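Residue numbers (UniProt numbering): 1 to 641.
Right, one structure below, let's go through it.
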């Protein structure tokens with residue numbers, strides 16, 4: 001890591017002294033190659049695991065995140081020239097990978113230089129993956145070792161005490177909201193140094209971003225900064241990720257892993273506050289509102305900047321799997337083949353585990369496995385193919401069962417969220433992201449989730465009541481998510497469709513109020529006297545190594561390709577014709593689609609990437625058992641579930 005950071009400085013130094021060198025391409029190629037060596041990516045500190053105040057500014061870091069919003073492209077001085085007024089010596093500098101320009105204590109930036117080059121970069125507002133499970137963060141990566149090692153290097157005590165003064169987040173926020181305090185700290189002894197805000201030793205700095213206009217700020221103190229996380233109670237840093245190339249390949253809600261230069265320079269807050277103060281003198285010149293300036297230029301201590309050297313979209317966020325399974329690397333192929341060879345016992349153990357979690361119901365456990373490995377693999381016109389929303393009806397009403405079932409699912413999948421459906425939550429929660437034109441940002445909502453997130457909706461706590469307009473919109477949004485796998489974001493004057501890929505599991509007493517692809521009525525074989533104790537004992541009884549196999553199993557199988565041969569397709573068609581002849585009223589085209597879906601995920605759950613006659617018959621058997629159970633329950637209750 002230290003070597004990597006030194007190389008950043010060396011490459012930038014070379015660029016400054018050899019302006020015509022193709023240094024930008026060399027930086028990217030260098031780090032791309034170095035990060036492939038000896039699991040080097042594991043030793044780059046991650047902002048997901050390591051607190052920002054442990055990290056050295058301008059060091060190499062990584063961040064696993066979701067693009068929550070895209071800001072307008074910004075202009076910066078890619079090349080700028082400094083001049084020494086005493087000697088008239090000119091020096092050329094590069095501004096890439098920086099937020100502020102650096103020059104010597106006796107130098108000034110020549111804003112009228114013919115050598116100045118204005119460049120463009122794209123800023124993404126990124127947050128940690130919403131609902132990311134605790135087992136994905138820190139505990140399974142070597143970044144955790146980095147935290148321990150860095151703490152040990154700094155201080156042997158349990159409390160971190162840096163050698164230089166470091167403000168807490170609360171103090172830093174107070175400084176940023178009251179810039180005069182920060183200015184006093186930085187400028188207290190600078191008068192004798194010719195106005196250098198960092199004193200005589202450190203070089204003075206000037207912000208390199210070319211501002212599009214002046215800004216206005218209210219004289220009153222601003223409210224605390226909203227980090228705009230989609231889900232309540234989320235923790236972790238939000239970051240402004242600045243991309244220099246190929247940014248058009250990234251879009252809102254993409255999950256990325258970025259490697260770049262960390263920028264947390266407190267001078268950013270000083271410069272931004274000075275811009276606000278100066279802009280308040282002439283409100284007519286304003287182009288950005290004070291709120292927009294506050295949102296787009298938050299304190300670097302709260303929202304660090306990352307200047308991207310490398311960035312890649314992630315197929316998944318399971319740390320137990322290779323990052324990219326499409327690559328034909330020997331290690332990746334070996335990993336997949338080794339795991340597939342032991343797939344059968346892993347499936348059997350997982351089925352047993354989920355059967356106990358579903359109170360002894362093995363049929364419901366089969367369908368839960370199929371649900372957990374389902375994914376939208378294609379879209380035909382507006383129809384998403386591969387979605388498999390399951391409505392688990394017959395659940396106990398008190399909500400404790402769903403709560404504990406969700407906790408078990410949370411231990412199996414990389415990202416999830418438990419939505420407790422009630423009149424109050426429907427009426428008062430914001431499900432749909434909306435555009436705030438005053439702050440020029442996308443305000444997040446509960447349904448702004450990353451692909452393959454497991455959404456568990458609990459209807460067992462739903463009581464009678466009146467839905468207001470917001471509640472109706474939220475229920476409609478859930479229905480659209482389930483049926484079309486899309487969320488219509490609110491841009492005030494119009495709605496914009498954002499496709500998604502969310503696994504939805506609905507627990508309810510009777511048939512759900514929401515649409516679903518498959519209803520499975522729970523038939524408990526055991527009724528534990530203490531649900532919490534029963535579910536907790538299930539989890540503690542599973543060895544960590546076995547639990548990890550479950551996690552790999554569920555993540556890996558949804559990434560496999562699948563096909564049906566012409567021979568099997570013909571056999572399925574003939575079989576369906578026979579079924580229609582025998583029972584034309586109850587067997588429909590929807591039933592065929594559902595059986596094909598069940599057959600697909602049943603095959604994948606066994607590690608088979610093509611449909612066999614055996615799996616097709618097993619899918620028909622499961623569907624017959626599921627329908628018979630629903631019919632039986634309907635007869636018992638005297639009405640439809």
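Every residue, glycine too, gets a C-beta built ideally from N, C-alpha and C.
For clarity, every value in this text was computed on a predicted model and none was experimentally measured.
Tell me the rounded alpha-carbon separation between residue i and residue j.
{"i": "residue 574", "j": "residue 417", "result": "42 Å"}
{"i": "residue 28", "j": "residue 44", "result": "16 Å"}
{"i": "residue 629", "j": "residue 611", "result": "26 Å"}
{"i": "residue 325", "j": "residue 332", "result": "6 Å"}
{"i": "residue 108", "j": "residue 114", "result": "15 Å"}
{"i": "residue 464", "j": "residue 507", "result": "17 Å"}
{"i": "residue 593", "j": "residue 549", "result": "31 Å"}
{"i": "residue 623", "j": "residue 374", "result": "17 Å"}
{"i": "residue 390", "j": "residue 571", "result": "28 Å"}
{"i": "residue 633", "j": "residue 392", "result": "13 Å"}
{"i": "residue 337", "j": "residue 229", "result": "38 Å"}
{"i": "residue 583", "j": "residue 415", "result": "42 Å"}
{"i": "residue 25", "j": "residue 75", "result": "20 Å"}
{"i": "residue 308", "j": "residue 267", "result": "20 Å"}
{"i": "residue 133", "j": "residue 118", "result": "42 Å"}
{"i": "residue 103", "j": "residue 83", "result": "9 Å"}
{"i": "residue 256", "j": "residue 577", "result": "47 Å"}
{"i": "residue 350", "j": "residue 492", "result": "46 Å"}
{"i": "residue 47", "j": "residue 130", "result": "15 Å"}
{"i": "residue 387", "j": "residue 71", "result": "32 Å"}
{"i": "residue 260", "j": "residue 41", "result": "12 Å"}
{"i": "residue 290", "j": "residue 225", "result": "13 Å"}
{"i": "residue 137", "j": "residue 554", "result": "18 Å"}
Output the boundary residues of the beta strand (DSSP E) element that contains residue i.
{"i": "residue 124", "result": "117-127"}
{"i": "residue 78", "result": "74-83"}
{"i": "residue 378", "result": "378-380"}
{"i": "residue 437", "result": "Residue 437 -> no beta strand (DSSP E), and no H or E assigned at all."}
{"i": "residue 44", "result": "That residue, residue 44, is in no beta strand (DSSP E); it is neither H nor E in DSSP."}
{"i": "residue 370", "result": "No beta strand (DSSP E) contains residue 370, which is instead part of the alpha helix (DSSP H) from 362-372."}
{"i": "residue 383", "result": "383-385"}
{"i": "residue 549", "result": "From DSSP, residue 549 is part of no beta strand (DSSP E) but of the alpha helix (DSSP H) over 544-557."}
Just curious, the alpha helix (DSSP H) that residue i is in, first and last residue?
{"i": "residue 531", "result": "531-541"}
{"i": "residue 580", "result": "566-582"}
{"i": "residue 519", "result": "Note, residue 519: premise wrong, no alpha helix (DSSP H); beta strand (DSSP E) at 518-521."}
{"i": "residue 90", "result": "Looking at the DSSP string, residue 90 is not in any alpha helix (DSSP H); the run it does join, the beta strand (DSSP E), is 90-94."}
{"i": "residue 662", "result": "Residue 662 is absent from the model: the chain starts at 1 and stops at 641."}
{"i": "residue 496", "result": "It is not in any alpha helix (DSSP H) - residue 496 instead sits in the beta strand (DSSP E) that spans 495-499."}
{"i": "residue 52", "result": "Per DSSP, residue 52 belongs to no alpha helix (DSSP H) and is neither H nor E."}
{"i": "residue 137", "result": "Note, residue 137: premise wrong, no alpha helix (DSSP H); not H, not E."}
Please return the same chain residues whose Cβ sits closer than 6 Å to the Cβ of residue i, not counting the five positions on each side in sequence.
{"i": "residue 73", "result": "120 and 122"}
{"i": "residue 499", "result": "486"}
{"i": "residue 413", "result": "454"}
{"i": "residue 456", "result": "406, 418 and 505"}
{"i": "residue 558", "result": "373 and 375"}
{"i": "residue 523", "result": "361"}
Who are the Cβ neighbours of residue i in its own chain at under 7 Å, not counting the five residues just before and after it?
{"i": "residue 474", "result": "426, 429 and 431"}
{"i": "residue 565", "result": "610"}
{"i": "residue 264", "result": "52, 57, 300, 301 and 304"}
{"i": "residue 444", "result": "68, 228, 229, 230 and 433"}
{"i": "residue 462", "result": "421 and 422"}
Which residues does DSSP pair with residue i in a beta bridge?
{"i": "residue 313", "result": "256"}
{"i": "residue 415", "result": "132"}
{"i": "residue 507", "result": "392 and 458"}
{"i": "residue 699", "result": "Outside the displayed span of the chain (1 to 641) sits residue 699, for which this structure offers no information."}
{"i": "residue 262", "result": "306"}
{"i": "residue 63", "result": "258"}
{"i": "residue 563", "result": "610"}
{"i": "residue 109", "result": "82"}
{"i": "residue 69", "result": "125"}
{"i": "residue 486", "result": "499"}
{"i": "residue 443", "result": "434"}
Apart from the five residues on each side of it in sequence, which residues of its chain come closer than 8 Å, Cβ to Cβ, to residue i?
{"i": "residue 81", "result": "90, 91, 92, 93, 109, 110, 113, 115 and 116"}
{"i": "residue 606", "result": "343, 344, 347 and 615"}
{"i": "residue 568", "result": "610, 611, 612, 613 and 616"}
{"i": "residue 334", "result": "none"}
Of all Cβ atoms in chain D, is any one closer than 7 Å to the Cβ of residue i?
{"i": "residue 351", "result": "The chain inventory of the structure shown lacks chain D, comprising one protein chain alone."}
Can you confirm whether the stretch 78-88 touches the stretch 55-67 when touching is taken to mean that 3 or more C-beta pairs between the two stretches lie within less than 8 Å? no
Inter-stretch contact at 8 Å, needing at least 3 Cβ pairs: the stretch 296-311 / the stretch 341-348: no
Count the CB pairs spanning the stretch 375-387 and the stretch 434-441 that are closer than 8 Å, and state whether there are at least three. no
Quick one: any contact between the stretch 397-405 and the stretch 521-534, if contact means 3 or more CB pairs under 8 Å? yes
Q. Does the stretch 308-325 come close enough to the stretch 224-238 that 3 or more CB-CB pairs lie under 8 Å?
A. Taking 8 Å as the limit for Cβ pairs, the verdict is that the stretch 308-325 does not touch the stretch 224-238.
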